[in-house]
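Asks: I have a structure I would like to understand better, so I am pasting it below and will then ask my questions one at a time.
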Amino acid sequence: MRADIVRTQLDHNIASTGWKPVSLTEPYGRSKTRYAGKPHGHRTTPLSHPVYNPPMSVGRSLFLRCFTSPRYFAPLPPGHVFPMRKFPDSAAKLIESGVIPHTIDPGVISDLDLLRVHTPDYVQSIRTGRYNEITARRLGLPWSPELSGRSHAATAGTLAATRAAMVDGIAANLAGGTHHAFPDRGEGFCVFNDVAVAIRALQHDEPYIQCMVVDLDAHQGNGTNAIFADDPHVFTYSVHVGKNYPSTKVPGSMDVELSRWASADEYFDRLHETLPPAVERFEPDIAFYIAGADCHEDDRFGQMKLSTADMAARDRYAIRLLRGWSIPTVVLYGGGYNKVEGMTTALHCQTVEIAARGLGSTSASAKADPTSRNT
1 MRADIVRTQL
11 DHNIASTGWK
21 PVSLTEPYGR
31 SKTRYAGKPH
41 GHRTTPLSHP
51 VYNPPMSVGR
61 SLFLRCFTSP
71 RYFAPLPPGH
81 VFPMRKFPDS
91 AAKLIESGVI
101 PHTIDPGVIS
111 DLDLLRVHTP
121 DYVQSIRTGR
131 YNEITARRLG
141 LPWSPELSGR
151 SHAATAGTLA
161 ATRAAMVDGI
171 AANLAGGTHH
181 AFPDRGEGFC
191 VFNDVAVAIR
201 ALQHDEPYIQ
211 CMVVDLDAHQ
221 GNGTNAIFAD
231 DPHVFTYSVH
241 VGKNYPSTKV
251 PGSMDVELSR
261 WASADEYFDR
271 LHETLPPAVE
281 RFEPDIAFYI
291 AGADCHEDDR
301 FGQMKLSTAD
311 MAARDRYAIR
321 LLRGWSIPTV
331 VLYGGGYNKV
341 EGMTTALHCQ
351 TVEIAARGLG
361 STSASAKADP
371 TSRNT
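Take 1 as the starting number for the sequence shown in UniProt numbering and just add one per residue.
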């Protein structure tokens, strides 16, 4: 999809849902929500829910709050393509390298939170492993009690990171971005849709909160798009390979499709053309950044050509753009299936390290320069 077509789609979405476009040169302000006229972070009233309740003092953190748990790891058969080791390995590397002093265990997601998105039968099937062969094949992960526990814990991590980001400005779940999960089924290694669960939890307390999903995973988030297809308060933005998994796409608010093995120059041109106007026009109160390590040139399934340095530039650009507008940002892993051992873990760690540098970067000078890949 060419950039001009994408802009046309955005303008159509704005017109059909009542969103009011703003000048790209005007100071941002709310035109529809209860936060009208207030910059991000200066709300007329505080959020009604307890935004953060970890086993530590409540208040803005001096380091990037990163959520993980031993439950994030579930054993898989030998040779399985899903890199389950990336969860414990990345957490250990981030601490060893001094990026973060420690991680925080988010606990387990509640039924109440899960059932705002997923059907009771599906949630029960994940708990018991009683689902049919078609579901198992779509999911791509063999059931085990540990897989069920991992899915509950990792979803809790995204919700906890969401609460933390509303306080600190930015936080990370060292997992998440499971965007292929639908209300009644999982697909593509995605059991529960963690971003959808977090957004529905926010909406339960603040129905008009504007939530944006910035999905830079190599694959389109078909499950997320389906869940929020009729929700004018959620904007799903995605840059992905058009002729790649999933074979059947679900239209999102803004889909930027690339050809297979598109060059890094083409990738950044499209990103720079489309993400800033989407952010400025939708004016999100919170953003979920699904980084996706599968855009790397050595990934098995991504079909993209970004180098390790390009991946860093992408993360810097997206995070600085969002934080430059003082938008609370939740950083999530997304996919990654690199052919080089340890590279998927390294790429996830690189994303989190860049996010850690973005803690508190909310001034106008932090806004990303769309003309520079080194932003």
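Positions of the beta carbon are idealized from the N, C-alpha and C atoms, including for glycine.
Note that the coordinates shown come from a computational prediction; the quantities given were computed from them, not determined experimentally.
Between the beta-carbon of LYS243 and the beta-carbon of ARG260, is there less than 8 Å?
Replies: Yes, the Cβ-Cβ distance between LYS243 and ARG260 is below 8 Å.
Asks: Given this structure, state the Cα-to-Cα distance separating GLY98 from ILE286, to the nearest angstrom.
Replies: Between GLY98 and ILE286, the C-alpha separation is close to 27 Å.
Asks: Does the separation of the CB atoms of LEU321 and LEU275 fall below 8 Å?
Replies: Contact: yes.
Asks: Distance, Cα to Cα, LYS339 vs VAL331?
Replies: If I take the Cα positions, the gap works out to 24 Å.
Asks: Which one or two residues does DSSP pair with CYS66 in a beta bridge?
Replies: Per DSSP, ALA172.
Asks: Between which residues of its own chain and PHE63 is the CB-CB distance below 8 Å, once the five residues before and five after are set aside?
Replies: Closer than 8 Å at Cβ, skipping near neighbours: ILE100, PRO101, ALA356, LEU359.
Asks: Contact between the stretch 232-239 and the stretch 194-212 is defined here as three or more beta-carbon pairs at a separation below 8 Å; is this criterion met?
Replies: Counting Cβ pairs under 8 Å, three or more are found: they touch.
Asks: By DSSP, does SER238 sit in helix, in strand, or in coil?
Replies: Note: SER238 maps to strand in three-state DSSP.
Asks: Should GLY79 be labelled buried (16 or more other beta-carbon atoms within 10 Å of its own) or exposed?
Replies: So GLY79 ends up on the exposed side.
Asks: Would ALA278 and GLY335 qualify as a contact pair, given that the criterion is a beta-carbon distance under 8 Å?
Replies: Contact: no.
Asks: Kindly indicate which residue of VAL213, ALA160, ALA313, GLU257 has the alpha-carbon position closest to the one of PRO284.
Replies: Out of VAL213, ALA160, ALA313, GLU257, VAL213 has the C-alpha closest to the C-alpha of PRO284.
Asks: Report the three-state DSSP secondary structure of VAL51 (helix, strand or coil).
Replies: Here VAL51 scores only 29 on pLDDT, less than 50, and its place in the model should not be relied on; the value that follows carries that caveat. Looking at VAL51 - three-state DSSP - the assignment turns out to be coil, as it is neither helix nor strand.
Asks: Where does ASP231 fall in DSSP's three states?
Replies: Note: ASP231 maps to coil in three-state DSSP.
Asks: Could you work out which residue in PHE282, VAL167, SER326 is closest to SER61 when comparing CA atoms only?
Replies: Of PHE282, VAL167, SER326, the residue nearest in Cα terms is VAL167.
Asks: Span of the beta strand (DSSP E) holding PHE288?
Replies: It spans 286-290 - the beta strand (DSSP E) in which PHE288 sits, taken as one unbroken run.
Asks: Check whether the stretch 172-190 and the stretch 123-143 touch, using three or more Cβ-Cβ pairs below 8 Å as the test.
Replies: Yes: the two stretches touch, three or more of their Cβ pairs being nearer than 8 Å.
Asks: So, for ASP310: in the same chain, excluding its five sequence neighbours on each side, which residues have a beta-carbon less than 7 Å away from its beta-carbon?
Replies: Only ALA264 meet the Cβ criterion.
Asks: With DSSP as the reference, label VAL22 as helix, strand or coil.
Replies: Unreliable placement is indicated for VAL22, whose pLDDT of 25 sits below 50; no coordinate value is reported for it.
Asks: Could you pull out every residue in the same chain whose Cβ sits closer than 8 Å to the Cβ of ILE354, ignoring the five residues on either side in sequence?
Replies: Cβ neighbours of ILE354 beyond the five flanking positions: ALA312, ASP315, ARG316, ILE319.
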